[in-house]
Structure formats: structure tokens, C-alpha cells
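See below for the structure under consideration.
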Amino acid sequence: MGVVYAAVNEKLNRPVAVKTIRDIGAATHERVWREARAAAAVNHPGVCQIYEIAEDRDQLFLVMELLEGQPLSDVLEAGPQSPVDALALLFPVLEALHSSDIVHRDVKPSNVFVTAHGRVRRGR
């Protein structure tokens, strides 16, 4: 749906991720705003924080917490994982989204990050 860049919020001097979303129709535009507002209300260690949403002409920008680690997809490709182990990594993220009544349309291993300490985080 977009491209994610690592950046620095110069006002707060902290690393952030900026997701750019271009060329979307009116219905998708409104849905992205609505989902960003709902996701910004989620405060859970398994879900990355959204700091801001902005737009410029036909492009939306989501400014979010920059997650450190590697995508779950890379972890799964690196070596055999039992289905139970893979689900055990993903379950905390799914539980956080479900408990916050968030319908996320793009939950997949490449959007879930595993930190160096083995903690699992959901990207946006």
C-alpha cells in the first residue's frame, strides 16, 4: 500500500518511520484516516505507535514509531519453525489488535517485527 522510510523527527530528535501512501481514491483515503485514528488510540507493547498522519496533495504520510529488529518473514525463512512456534510469535500482536477492536487488513509476517530480545511488534 505504500513505501516506508526511516527518518528522524528533528523537533523531538527521535527516529521515526514514515509511510507514504499515494494515488488512492476517496474511499480508501477516508478509510486510511479512520484506521490511523483508531490505531493511534492503541497503546500496547505489541503494536507500534502512530505519531501523526498528514497529507500533501494526493499523498498521505503516516509517521510512526521506528521498529528495530527483523521482520517475522525473515525469521521464518532463516530456519524451520513449527507452526506452533510461528503462531506463538504472532499471537501477541493479533491479541493486541483484537482487544483494541482494530481490523487490520495487512497482517502478515513481513509486517511483524521480532526484536533482538525476541519481543514481537506489529508494524503498520
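If you're matching positions, the sequence shown starts at 1345 in my numbering and goes up one per residue.
We put the beta carbon where it would ideally sit given N, CA and C, even for glycine.
Nearest neighbour of residue i, chosen from the options [CA to CA]
i: residue 1452; options: 1418, 1461, 1425 and 1460; result: 1418
i: residue 1402; options: 1445, 1364 and 1392; result: 1364
i: residue 1443; options: 1405, 1374, 1369 and 1382; result: 1382
i: residue 1376; options: 1459, 1446 and 1461; result: 1446
Local conformation of residue i per DSSP, three classes
i: residue 1364; result: strand
i: residue 1445; result: coil
i: residue 1455; result: helix
Proximity test, Cβ basis, 8 angstroms: residue i and chain B
i: residue 1446; result: This model lacks chain B altogether, as it is built from one protein chain only.
Assumed close pair residue i, residue j - CB separation to whole angstroms, cut-off 8 angstroms
i: residue 1394; j: residue 1384; result: 4 angstroms
(request) State whether the stretch 1404–1413 contacts the stretch 1345–1360, with contact taken as three or more CB pairs (one from each stretch) at a distance under 8 angstroms. (result) Under the three-pair Cβ rule at 8 angstroms, the stretch 1404–1413 counts as touching the stretch 1345–1360.
(message) Could you check whether the stretch 1386–1398 touches the stretch 1427–1447, counting it as contact only if at least three pairs of C-beta atoms, one from each stretch, sit closer than 8 angstroms?
(response) The stretch 1386–1398, when compared against the stretch 1427–1447, does touch it at the 8 angstroms Cβ threshold.
(request) Would you list, in sequence order, the uninterrupted beta strand (DSSP E) runs of no fewer than 3 residues that lie entirely inside the stretch 1383–1453? (result) Within the stretch 1383–1453, the complete beta strand (DSSP E) runs of at least 3 residues are 1394–1400 and 1403–1409.
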